[in-house]
């Protein structure tokens, strides 16, 4: 979970939200996560639920709320769709680097196919060592790429992924 704010705002963390209004998407876990973070920080705030992320962002753009709390990846993706590029480069709005929660991600692979599992794990490790993993991560996120669990062994196949530079005029 993260916070989307207007550019130039003095908000840098949850403590700056005291006495303010923050929008969330109805039915999401964002409300509970935000209220728990505010409670831990010793601040009180008002949560305004909206039916969609776009509606919550509209409140921010109109100045009716000081932030939108939501799944950080969703906030970045919503802004990249709206502006045709990465959210952290979107003029006027930005996702704060702070994380209200960290959710580990995993790949689901077919059971019993240890050769494929090893290929995936070792390829990700090789991409990390060669800088490709971090380059791909930087295309979508504005924070430090995560560390990867070290998997024993070496790839038994070479898998090369080329990262094409965006063409002029693209995000």
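Residue numbers (my numbering): 10 to 180. Note that beta-carbon positions come from the ideal geometry of N, C-alpha and C, so glycine has one too.
May I have the straight-line CA-CA distance separating residue i from residue j, to the nearest angstrom?
i	j	result
residue 158	residue 128	14 Å
residue 22	residue 134	33 Å
residue 151	residue 106	7 Å
residue 51	residue 20	16 Å
residue 130	residue 28	46 Å
residue 148	residue 34	25 Å
residue 115	residue 126	12 Å
residue 72	residue 139	44 Å
residue 145	residue 85	15 Å
Quick one, are the C-beta atoms of residue i and residue j less than 7 Å apart?
i	j	result
residue 111	residue 11	no
residue 66	residue 56	no
residue 104	residue 13	yes
residue 143	residue 155	no
residue 16	residue 101	yes
Provide the residue(s) that pair with residue i in DSSP beta bridges, ordered along the chain.
i	result
residue 78	12
residue 59	34
residue 72	Answer by DSSP bridge pairing: none, since residue 72 is not bridged.
residue 104	13
Could you spell out where the beta strand (DSSP E) holding residue i opens and where it closes?
i	result
residue 24	It is not in any beta strand (DSSP E) - residue 24 carries neither H nor E in the DSSP assignment.
residue 159	From DSSP, residue 159 is part of no beta strand (DSSP E); its letter is neither H nor E.
Which residues in the same chain have their Cβ closer than 6 Å to the Cβ of residue i, if we skip the five residues on either side of it in sequence?
i	result
residue 54	26, 29, 31 and 47
Leaving aside the five residues before and after residue i along the sequence, list all residues of the same chain whose C-beta is less than 8 Å from its C-beta, in chain order.
i	result
residue 63	87
residue 74	29, 30, 31, 32, 57, 65 and 68
residue 37	79 and 80
Name the two residues that bound the continuous alpha helix (DSSP H) containing residue i.
i	result
residue 52	From DSSP, residue 52 is part of no alpha helix (DSSP H); its letter is neither H nor E.
residue 182	The requested residue 182 is not part of the displayed model; the chain covers only 10 to 180.
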